[in-house]
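Below: one structure, written as structure tokens.
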Amino acid sequence: MTLIKYNSVLDVIHERVTTAAHLRPTVLTVKVGDKTVHLDLPQARAALWERPVDGELSREVWRQAVTLAQHDTLAAAIGSTDVTGWVEAVVWLALPRLQRIARQASSRLRAERRDVESELMVAVVEELAAVSPDDPDVGGRLLRAAARQGWAFARGTANERPSEDVVEIADARGAKAIDDLWELVITPPDRSDGLAAPLRFSSRSEIEAARLGQLADHLGLHEVIRHPRRPLRGARVGTLSLCATGRAR
């Protein structure tokens with residue numbers, strides 16, 4: 017039996033990137049001024065997030081990472097198997113900010129954290145296709161796009177609540193309560209030009225109010241009874257009664 021190790025997409029990204037045998041190159045060669053710096057993935061992420069941040073080094077890390085990721089995006093688009101694994105690596109480099117956004121959005125707006133994390137990952141991947149590696153703020157653009165989409169998703173689902181009864185609710189909506197149908201019986205007398213008195217719906221219990229409303233809609237009388245008023249009392253010319261379908265009268 018296979019066990020699911022993680023249920024968070026960001027945890028899965030972390031696992032895949034840190035254990036990826038297909039990631040290449042595994043070291044970024046970054047030029048900063050007149051110096052050349054070699055950074056593996058943990059060192060590259062530390063250069064982005066650990067204080068104090070070297071702005072020039074940070075820009076070069078993002079530039080090279082985005083360049084490699086866009087190579088993967090193009091390779092996938094043309095059906096090539098020459099994939100370097102750097103799309104996931106870019107998401108991994110952004111993990112400190114993405115995890116912070118997911119934590120804040122899910123706690124403040126009570127959104128499902130796993131769904132927020134998925135939106136954040138999708139936002140980064142989508143923005144990769146739109147940015148230029150030579151943009152000095154390419155990393156900032158990726159992070160801002162993720163933040164916008166993640167918070168927008170969390171706000172949009174703020175009033176939603178998960179339910180384990182979805183199947184039961186769907187079945188109930190589609191079910192037809194055959195045993196609970198009601199029909200209208202009109203008792204004469206009447207006249208050639210129709211009933212001469214206002215129709216009066218009555219029920220023995222308040223529970224049947226919903227049935228009466230449905231019955232009125234079915235008969236096309238919704239507009240007539242929408243604004244009820246007490247008529248002047250007159251002579252009774254007929255009666256209306258409700259009974260369950262199939263019940264003996």
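Residue numbering for the sequence shown follows my numbering, starting at 17 and increasing by one per position. Here a beta-carbon is modelled for each residue, glycine too, at the ideal position from N, C-alpha and C.
A distance of 8 angstroms or more separates the beta carbons of A139 and G172. Judged by DSSP secondary structure, T89 falls within the alpha helix (DSSP H) whose first and last residues are G71 to A93.
In the assembly as shown, D88 is a buried residue. Its beta-carbon has 16 or more other beta-carbons within 10 Å. Between V25 and L57, the beta carbon gap of about 18 angstroms keeps them out of contact (Cβ cut-off 8 angstroms). Counting only residues of its own chain and dropping the five nearest sequence neighbours on each side, A60 has a CB closer than 6 angstroms to the CB of L44 and V77. The residue among W102, W108, V154 and E133 with its C-alpha nearest the C-alpha of I117 is E133.
Distance from the Cα of P112 is smallest, within the candidate group H38, V154 and M137, for M137. In the pairwise beta carbon analysis, the region 101-115 is classified as touching the region 61-77: at least three pairs are separated by under 8 angstroms.
In the same chain as A163, and ignoring 5 residues on each side of it, the C-beta atoms closer than 7 angstroms to its own belong to I117, in chain order.
Given a length threshold of 3 residues, each whole run of the beta strand (DSSP E) inside the region 34-59 is given here in chain order: 43-48 and 51-56. The continuous alpha helix (DSSP H) containing P112 extends over residues L111 to L125.
Cβ-Cβ separation between L125 and A174: approximately 5 angstroms, consistent with a contact (criterion under 8 angstroms). In this structure, DSSP gives E104 a helical state, which the three-state scheme calls helix. Judged by DSSP secondary structure, E135 falls within the alpha helix (DSSP H) whose first and last residues are R129 to L144. Just measuring C-alpha positions, the residue of G101, T83, I29 and G71 sitting nearest V147 is T83.
For D70, same chain residues with a beta-carbon under 7 angstroms away, outside a window of 5 residues either side, are A63 in chain order. Within the same chain, and ignoring the five residues on either side of L159 in sequence, the residues whose Cβ sits closer than 7 angstroms to its Cβ are A110 and R113.
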